[in-house]
Amino acid sequence: AMVQVYDALKPATKKKFEDMIKSKEGFMKSQAFAMKMAK
Numbered sequence: 324a325m326v327q328v329y330d331a332l333k334p335a336t337k338k339k340f341e342d343m344i345k346s347k348e349g350f351m352k353s354q355a356f357a358m359k360m361a362k
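Each number in the working numbering corresponds to the 1-based position in the sequence shown with 323 added.
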């Protein structure tokens, strides 16, 4: 699910997404977000 969402992001958003993933809580947030997007 994460990869699908990642692929769908625009380049500018990808940078933010990568920064989020670097921090643990940011990663958890991005996963929750990915699950919402995937539904």
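The beta carbon of each residue, even a glycine, is placed where N, CA and C say it ideally should be. If you're wondering where the values come from, they're calculated on a predicted model, not measured in any experiment.
Worksheet entry | Sequence-distant residues of its chain with Cβ nearer than 7 Å to L332 (five each side left out) | F340
Worksheet entry | Rounded straight-line distance, which links the Cα of I344 to that of P371 | Because residue 371 is not part of the residues shown, which for the chain are 324 to 362, the question remains open.
Discussion item. Mapping the DSSP letters down to three states, classify K333 as helix, strand or coil.
Written reply: coil
Worksheet item: Is it the case that the Cβ atoms of F356 and V328 are separated by a distance below 9 Å?
Response: yes
Item to complete: To the nearest angstrom, report how far apart A361 and S353 are at their CA atoms.
Response: 12 Å
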